[in-house]
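If you're matching positions, the sequence shown starts at 274 in this note's numbering and goes up one per residue. Note that beta-carbon positions come from the ideal geometry of N, C-alpha and C, so glycine has one too. Since the structure comes first, as structure tokens, the remarks are kept for the end.
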Amino acid sequence: MPARPTRIENAIARGDNGTAAAAWAQLPEPARRASAEFGEALRKRAAADAAIATIAQDAVAALGAAG
274 MPARPTRIEN AIARGDNGTA AAAWAQLPEP ARRASAEFGE ALRKRAAADA
324 AIATIAQDAV AALGAAG
């Protein structure tokens, strides 16, 4: 199992919270239970990152359409 936490750490270090959340979700049930608060925070951060990316993409598209 050590490879999974390493994947989570590496993804977080790269700023890829979506990949980190997906890797966390693949942990065995006891590990997920023990780190449930962390997993929930990671999931929320990944969702926020995705929302920010969508907003930024929409803003750039709107600027392009207006120009």
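(request) Tell me, please, whether the region 307–321 touches the region 284–292 by the rule of three or more beta-carbon pairs shorter than 8 Å. (result) When C-beta atoms of the region 307–321 are compared with those of the region 284–292, three or more pairs fall below 8 Å, so the two segments count as touching.
(message) With H, G and I counted as helix, E and B as strand and the rest as coil, what does DSSP make of ARG306?
(response) Here ARG306 sits in helix by DSSP.
(message) Please classify GLY312 as buried or exposed, where buried requires at least 16 neighbouring CB atoms within 10 angstroms.
(response) It counts as buried.
(request) Taking GLY291 as part of the alpha helix (DSSP H), name the residues at either end of that continuous run. (result) Element bounds for GLY291: 290–298.
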